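A.B. asks: Numbered per mature numbering (1 follows the signal peptide of the UniProt record, and there is no 0), the sequence shown spans residues -21 to -1, 1 to 313.
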Amino acid sequence: MTSLRRTVPALALSASLIAMAGCATTVPGAGDTSDVDAAAPATRVVSTEQGEVTIPADPERIIVLNSNLAGYLFSLDVPVLATLPEEVGEVDPEYPEFWADEATEAGTVILPWSEDGFDFEALLELDPDLIIAGGQGFSAFQAVESYDRLTEVAPTVMVSSSLLTWQEQLDFIADDILDDAAGGAELLAAYDDRVAEVAASITVPELPIAYLITTVDTPYSIPENAALPQALAELGFEPATVIADNPGFETYGTGDSFELSTEQLSTVFTAPSMFVFPFFEGQGPTADDLKSDPLYSSLPAFQNDQVYELPAWVYRADYLKSMAMLDEIEAQFG
């Protein structure tokens, strides 16, 4: 896929941002409400694991503290005031290729983000009327830890980590937060139509298929019931039952990965085919690299020459990435 990532400046804590915040359009219910239609509620209530959260009925300055969640808003034609870079501590962050055009048009700010947490001074300067956080990953953990402090900046809605598929996350964001059930349903229908189209146009390899995630030092795999294997199962890629066959493995976080030792590779990866991708793009060996490693080259999928590479972004993909994944699968197997 041609990269559309665009370099954007990290947030500068300056008078210009304060001025920008001051020029924002007044939201319903703020300041003089004499001209506001009395029948239109100024706020709505969203139920979350943290309790009920009162938010603006029509928020205009939304900060999303998870880059992967920001894509849902752009998909629903909702501008994002600011979000995080894709990786913690990223220097000179860029817009992700999947919503670079929308972010450029909206002037979306990429916030400073470190392992120590969020930059609350930056958040306050931007004067948001709604914060959306949570989901999966490190930023979600940080948001849970700093939830009370976030609510002092603006009403904060946490997307539960129990919502493991992009469809569940989209439903919550579109229906509960943005009150746009129709928009969410339209995206779901477009995805389902594309799944049917791709499934009819491809030829799958010998099944079942296993999943190997590479890093610079440690291999990982994905349980068969996790979001990615289940999404590709809809296209005909039956996942290998790695957890059912090896119940002793302990999954991490939200249950969508587990670590392997090199000694366990031959026990887990018995499937005739395999998908391989890195946790982070460019960090970890490629399939070609692994072919020269006896620990991997002896595995059935490598012996069968049925090892297929995917980009790192297929892991925990949102709507936009999931649509792009269908294009990727069609290109490889069509």
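Note that the Cβ used here is the ideal one computed from N, Cα and C, for glycine as well. Note that the coordinates shown come from a computational prediction; the quantities given were computed from them, not determined experimentally.
#1: Can you give me the Cβ contacts of GLY8 inside the same chain, cut-off strictly under 6 Å, excluding the 5 residues immediately before and after it?
#2: Please specify which runs of the alpha helix (DSSP H), each continuous and at least 4 residues long, are wholly inside the segment 132 to 192, giving them in chain order.
#3: Short check: CB of GLU238 to CB of ALA266, under 9 Å?
#4: Buried or exposed: which applies to ARG295, given that a residue is buried once 16 or more other Cβ atoms fall within 10 Å of its Cβ?
#5: Does DSSP put SER301 in a helix, a strand or coil?
#6: Between which two residues does the beta strand (DSSP E) containing PHE256 stretch?
#7: Note the first and the last residue of the continuous beta strand (DSSP E) segment covering GLU288.
#8: Return the chain-ordered list of same chain residues with a C-beta closer than 8 Å to the C-beta of ILE41, the five sequence neighbours on each side being excluded.
#9: Under a Cβ-count criterion, where at least 16 other Cβ atoms within 10 Å of its own Cβ denotes burial, should PHE77 be classed as buried or exposed?
#10: Considering only C-alpha positions, which residue in the set ASP159, ALA280, ASP297, LEU269 is nearest to ALA36?
#11: Cutting at 6 Å between CB atoms, please list the residues of its own chain near ALA219, excluding the five before and the five after it.
#12: What's the C-alpha gap between LEU90 and ALA153?
#13: With a cut-off of 8 Å on the beta carbons, I'd call VAL247 and PHE216 a contact; round off their distance for me.
#14: Where does ALA212 fall in DSSP's three states?
#15: By how many angstroms is the C-alpha of LEU274 removed from the C-alpha of THR197?
#16: In whole angstroms, what separates the C-alpha of LEU211 from that of THR27?
#17: In the DSSP output, what is ALA61 paired with across the bridge?
C.D. replies: Put simply:
#1: Model confidence at GLY8 stands at a pLDDT of 41, short of 50, so the residue's coordinates are unreliable and nothing is read from them.
#2: 145 to 150, 160 to 180
#3: no
#4: buried
#5: helix
#6: 252 to 257
#7: 286 to 288
#8: LEU52, VAL57, PRO58, VAL59, LEU60, PRO107, ASP108, LEU109, ILE110, ILE111
#9: buried
#10: ASP159
#11: PRO187, ALA189, ALA250
#12: 24 Å
#13: Their Cβ separation, rounded to whole angstroms, is 17 Å, which puts VAL247 and PHE216 out of contact at 8 Å.
#14: helix
#15: 13 Å
#16: 30 Å
#17: ILE42, VAL88
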